[in-house]
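Residue numbers (the numbering used here): 216 to 571.
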């Protein structure tokens with residue numbers, strides 16, 4: 216059970232990162248189609264991300280360490296040849312016992328959610344679902360047979376035809392379980408709305424946090440790339456951090472019609488009023504630039520006080536305008552209002568609501 220619990224832990228560790236990373240396209244799509252993000256649909260989407268992380272964890276981890284390539288491959292020579300005897304796992308259960316049974320059971324259980332999500336969220340038929348389960352299982356097995364597609368000099372896990380069978384059966388069972396649950400579970404997609412009301416403080420705040428999160432995620436990826444390239448200069452790392460910050464927080468809003476960063480844009484927030492790109496520059500200078508400068512000096516207390524000051528101004532004003540909005544002469548509205556861009560589910564209901 217130790218390996219399974221370790222992989223489950225890895226999946227839960229990976230999930231928050233990918234939830235944040237996947238939040239932008241998911242939230243943007245929800246607002247673009249439905250004009251809102253439903254709580255339940257968000258929970259379902261997060262569960263799907265966790266499931267994908269579990270698939271990755273059980274496929275790849277634990278990653279072995281190679282000290283001597285010849286010794287590593289020699290000790291795993293039996294894994295170089297796929298196991299193609301159908302139902303051989305039954306003999307393994309009879310001879311090995313509980314460990315072999317658990318392996319078969321977890322292979323079955325791992326693919327049950329796939330069938331469930333394909334039926335519940337995407338309304339796919341049984342044939343499509345079974346084929347999708349088989350295709351994903353085949354991808355997993357080839358990943359193991361090829362040593363993670365060549366990342367390792369030889370396989371460290373066995374390609375087993377019985378895994379294809381148990382994974383595919385698990386997918387079919389998940390689809391069957393979803394059929395009665397469709398009658399009792401809430402809809403996987405939210406009801407559409409026009410999205411013309413002024414966006415609330417939570418939505419606006421989340422937009423800023425998503426911009427900030429994207430900045431740091433991209434900087435983290437860049438730092439990993441520098442590390443792999445052998446660049447260890449702290450000056451270069453800091454320069455990369457701030458360049459990415461300026462691109463995300465200033466460059467992208469200057470180029471977009473809605474004048475929003477990627478995080479705010481994913482929530483379909485837009486700016487109206489002010490003098491075009493000049494307003495974007497003013498907002499950046501008033502809002503983001505002081506935070507960037509204080510961060511450079513590691514003035515954590517001043518950063519917190521500045522954030523509180525911005526929040527207090529918004530809360531005390533009846534129109535909920537921010538300091539940056541007042542300085543630039545802008546207001547935050549929804550994309551539907553600023554660009555006359557209603558949600559697709561209202562503009563093309565026959566396309567999006569027929570099977571929801």
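Built from N, CA and C at the ideal position, the CB exists for glycine as well.
Ranked by Cα distance from residue 538, the options 508, 500, 297 are led by 500. With contact defined as three or more Cβ pairs closer than 8 Å, the segment 265-279 and the segment 315-331 are in contact. Contact holds between the segment 295-304 and the segment 373-382, because three or more Cβ pairs, one in each stretch, are under 8 Å apart.
The beta carbons of residue 550 and residue 487 sit about 11 Å from each other, so the pair does not count as a contact at 8 Å.
By the Cβ-count criterion, residue 483 is buried, with 16 or more other Cβ atoms from all chains shown falling within 10 Å of its own Cβ. Given a length threshold of 4 residues, each whole run of the alpha helix (DSSP H) inside the segment 500-569 is given here in chain order: 504-511, 515-531, 538-543, 550-553, 559-562, 564-567.
In this structure, the CA atom of residue 311 is about 22 Å from the CA atom of residue 295. Residue 240 and residue 308 have their C-alpha atoms spaced approximately 44 Å apart. Of 467, 509, 510, 515, the smallest CA-CA separation from residue 495 is found for 467. A residue is called buried once 16 or more other Cβ atoms fall within 10 Å of its Cβ, and residue 516, having fewer, is exposed. By the C-beta criterion, the segment 334-347 is judged to be in contact with the segment 385-393, since at least 3 inter-stretch pairs fall below 8 Å. Assignment of residue 470 by DSSP, reduced to helix, strand and coil, places it in the helix class. Going by DSSP, residue 278 is part of no beta strand (DSSP E) at all; its letter is neither H nor E. Per DSSP, residue 484 lies in no alpha helix (DSSP H) segment; the continuous beta strand (DSSP E) that holds it begins and ends at 484-488. Within the model, the alpha-carbon separation for residue 454 versus residue 442 is close to 15 Å. With contact defined as three or more Cβ pairs closer than 8 Å, the segment 280-292 and the segment 335-355 are not in contact. The DSSP assignment places 341-360, 362-365, 376-396 as complete runs of the alpha helix (DSSP H) inside the segment 333-400, in order along the chain (cut-off: 4 residues). Residue 451 and residue 439 have their C-alpha atoms roughly 13 Å apart. Restricting attention to alpha helix (DSSP H) runs no shorter than 4 residues, the segment 251-312 encloses them at 254-275, 284-289, 303-311, ordered along the chain. In this structure, the straight-line span from the alpha carbon of residue 304 to that of residue 267 is close to 25 Å. Between residue 498 and residue 553, the C-beta spacing is not below 9 Å. Spatial neighbours of residue 434 in its own chain (CB-CB distance under 7 Å, excluding positions within 5 residues in sequence) are listed in chain order as 455, 456, 459. Residue 445 carries a coil assignment under DSSP once its states are collapsed to helix, strand and coil. For residue 326, the three-state secondary structure derived from DSSP is coil.
By the neighbour-count definition (other C-beta atoms within 10 Å, threshold 16), residue 395 is an exposed residue. Straight-line spacing of the CA atoms in residue 399 and residue 259 works out to 15 Å.
With respect to the 9 Å criterion, residue 340 and residue 387 are not classified as neighbours on the basis of their beta carbons.
About 7 Å separates the CB atoms of residue 478 and residue 424; that is less than 8 Å, so the two are in contact.
When secondary structure is reduced to three states using DSSP, residue 426 falls in the helix class.
Taking the C-beta atoms as reference points, residue 490 is found no nearer than 9 Å to residue 474. DSSP, reduced to helix, strand and coil, places residue 453 within a helical segment of the structure shown.
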